[in-house]
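Have a look at the structure below before the remarks.
Shown next as C-alpha coordinates:
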(Lines of atoms letter the chains of each structure in order from A and count residues from 1; the text may use other names and numbers.)
(Lines give C-alpha, C1' and ligand atoms only; values in the text may rest on other atoms or scores of the structure.)
Protein backbone atom coordinates (compact mmCIF):
# COMPACT_ATOMS: atom_id res chain seq x y z
CA UNK A 1 0.00 0.00 0.00
CA UNK A 2 2.87 2.32 0.79
CA UNK A 3 4.32 1.79 -2.68
CA UNK A 4 1.04 2.78 -4.32
CA UNK A 5 0.83 5.98 -2.28
CA UNK A 6 4.47 6.82 -3.08
CA UNK A 7 3.79 6.40 -6.80
CA UNK A 8 0.71 8.65 -6.54
CA UNK A 9 2.76 11.14 -4.51
CA UNK A 10 5.47 11.26 -7.19
CA UNK A 11 2.91 11.71 -9.97
CA UNK A 12 1.36 14.63 -8.07
CA UNK A 13 4.82 16.17 -7.66
CA UNK A 14 5.63 15.87 -11.37
CA UNK A 15 2.31 17.40 -12.47
CA UNK A 16 2.58 20.16 -9.86
CA UNK A 17 6.06 21.11 -11.11
CA UNK A 18 4.69 21.32 -14.64
CA UNK A 19 1.71 23.43 -13.54
CA UNK A 20 3.94 25.86 -11.68
CA UNK A 21 6.31 26.20 -14.64
CA UNK A 22 3.42 26.90 -17.03
CA UNK A 23 2.12 29.82 -14.97
CA UNK A 24 2.79 33.35 -16.13
CA UNK A 25 5.19 35.15 -13.84
CA UNK A 26 3.78 38.25 -12.14
CA UNK A 27 5.81 41.35 -12.86
CA UNK A 28 8.12 39.64 -15.34
CA UNK A 29 10.47 38.36 -12.65
CA UNK A 30 12.46 36.28 -15.13
CA UNK A 31 12.06 38.74 -17.96
CA UNK A 32 9.97 36.37 -20.04
CA UNK A 33 7.02 38.73 -20.20
CA UNK A 34 3.72 37.84 -21.79
CA UNK A 35 3.67 36.60 -25.33
CA UNK A 36 1.00 34.54 -26.98
CA UNK A 37 0.71 31.19 -25.29
CA UNK A 38 -1.35 28.18 -26.23
CA UNK A 39 -4.14 29.42 -23.93
CA UNK A 40 -5.46 32.90 -23.22
CA UNK A 41 -3.96 34.75 -20.24
CA UNK A 42 -7.18 35.04 -18.32
CA UNK A 43 -8.18 31.38 -18.69
CA UNK A 44 -4.68 30.13 -17.97
CA UNK A 45 -4.43 32.03 -14.69
CA UNK A 46 -7.65 30.57 -13.31
CA UNK A 47 -7.07 27.03 -14.54
CA UNK A 48 -3.42 26.79 -13.48
CA UNK A 49 -4.02 28.49 -10.13
CA UNK A 50 -6.79 26.10 -9.22
CA UNK A 51 -4.85 23.10 -10.55
CA UNK A 52 -1.82 24.10 -8.49
CA UNK A 53 -3.97 24.51 -5.37
CA UNK A 54 -5.59 21.09 -5.82
CA UNK A 55 -2.22 19.43 -6.47
CA UNK A 56 -0.69 21.16 -3.44
CA UNK A 57 -3.54 19.83 -1.26
CA UNK A 58 -3.00 16.34 -2.68
CA UNK A 59 0.74 16.61 -2.04
CA UNK A 60 0.08 17.69 1.53
CA UNK A 61 -2.38 14.84 2.17
CA UNK A 62 -0.15 12.14 0.68
CA UNK A 63 2.82 13.47 2.69
CA UNK A 64 0.79 13.28 5.91
CA UNK A 65 -0.44 9.79 5.07
CA UNK A 66 3.07 8.53 4.30
CA UNK A 67 4.46 9.90 7.56
CA UNK A 68 1.57 8.40 9.54
CA UNK A 69 1.90 5.03 7.78
CA UNK A 70 5.66 4.89 8.38
CA UNK A 71 5.16 5.14 12.13
CA UNK A 72 1.97 3.06 12.37
CA UNK A 73 3.44 -0.26 13.58
CA UNK A 74 6.55 1.17 15.18
CA UNK A 75 6.90 -0.01 18.76
CA UNK A 76 8.59 2.33 21.22
CA UNK A 77 12.13 1.21 21.98
CA UNK A 78 14.88 2.43 24.22
CA UNK A 79 18.59 1.78 24.06
CA UNK A 80 19.00 2.79 27.69
CA UNK A 81 18.55 0.10 30.30
CA UNK A 82 18.60 -2.97 28.04
CA UNK A 83 20.63 -5.90 29.31
CA UNK A 84 23.66 -6.83 27.23
CA UNK A 85 22.20 -10.27 26.46
CA UNK A 86 19.34 -8.68 24.51
CA UNK A 87 21.59 -6.52 22.38
CA UNK A 88 23.87 -9.37 21.22
CA UNK A 89 22.36 -11.40 18.35
CA UNK A 90 22.67 -15.16 18.51
CA UNK A 91 23.52 -15.28 22.21
CA UNK A 92 27.18 -14.33 21.65
CA UNK A 93 29.19 -13.52 24.73
CA UNK A 94 29.99 -9.83 24.94
CA UNK A 95 33.57 -8.76 25.41
CA UNK A 96 34.02 -7.38 28.90
CA UNK A 97 35.92 -4.23 29.62
CA UNK A 98 39.59 -4.84 30.42
CA UNK A 99 40.83 -4.31 33.93
CA UNK A 100 44.28 -3.34 32.69
CA UNK A 101 45.41 -2.33 29.25
CA UNK A 102 43.28 -1.08 26.39
CA UNK A 103 40.98 -2.33 23.70
CA UNK A 104 43.89 -3.81 21.75
CA UNK A 105 44.75 -6.09 24.67
CA UNK A 106 41.15 -7.24 24.87
CA UNK A 107 41.03 -7.98 21.15
CA UNK A 108 44.34 -9.86 21.37
CA UNK A 109 42.98 -12.03 24.20
CA UNK A 110 39.80 -12.75 22.23
CA UNK A 111 41.90 -13.71 19.18
CA UNK A 112 44.05 -16.04 21.31
CA UNK A 113 40.92 -17.70 22.71
CA UNK A 114 39.64 -18.36 19.19
CA UNK A 115 42.98 -19.83 18.11
CA UNK A 116 43.12 -22.18 21.11
CA UNK A 117 39.83 -23.85 20.18
CA UNK A 118 39.94 -24.20 16.38
CA UNK A 119 36.71 -25.20 14.71
CA UNK A 120 36.47 -28.17 12.39
CA UNK A 121 36.85 -27.23 8.72
CA UNK A 122 33.50 -26.83 7.04
CA UNK A 123 34.63 -27.97 3.60
CA UNK A 124 37.62 -28.86 1.45
CA UNK A 125 40.78 -27.01 2.38
CA UNK A 126 43.55 -25.66 0.15
CA UNK A 127 46.79 -27.60 0.60
CA UNK A 128 49.35 -25.62 2.59
CA UNK A 129 52.93 -25.31 1.45
CA UNK A 130 55.69 -26.46 3.79
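Numbering (the UniProt record's numbering), first residue to last: 1 to 130. Just so you know, even glycine gets a beta-carbon here, dropped at the ideal spot from N, CA and C.
Collapsed DSSP secondary structure at residue i in the structure displayed
i	result
residue 134	Residue 134 cannot be examined here, being either before or after the span of the chain that is shown, 1 to 130.
residue 73	coil
residue 54	helix
residue 114	helix
residue 24	coil
residue 1	coil
residue 123	coil
residue 18	helix
residue 49	helix
residue 67	helix
residue 12	helix
Best match in the options for proximity to residue i [C-alpha to C-alpha]
i	options	result
residue 4	46, 63, 21 and 116	63
residue 1	50, 68 and 17	68
residue 50	65, 16 and 115	16
Residue i, buried or exposed, once every other Cβ within 10 Å from all chains shown has been counted against 16
i	result
residue 12	buried
residue 104	exposed
residue 55	buried
Cβ separation of residue i and residue j, assumed to be a contact under 8 Å, to the nearest whole Å
i	j	result
residue 52	residue 20	6 Å
residue 61	residue 22	The Cβ separation is near 23 Å, so there is no contact.
residue 24	residue 45	7 Å
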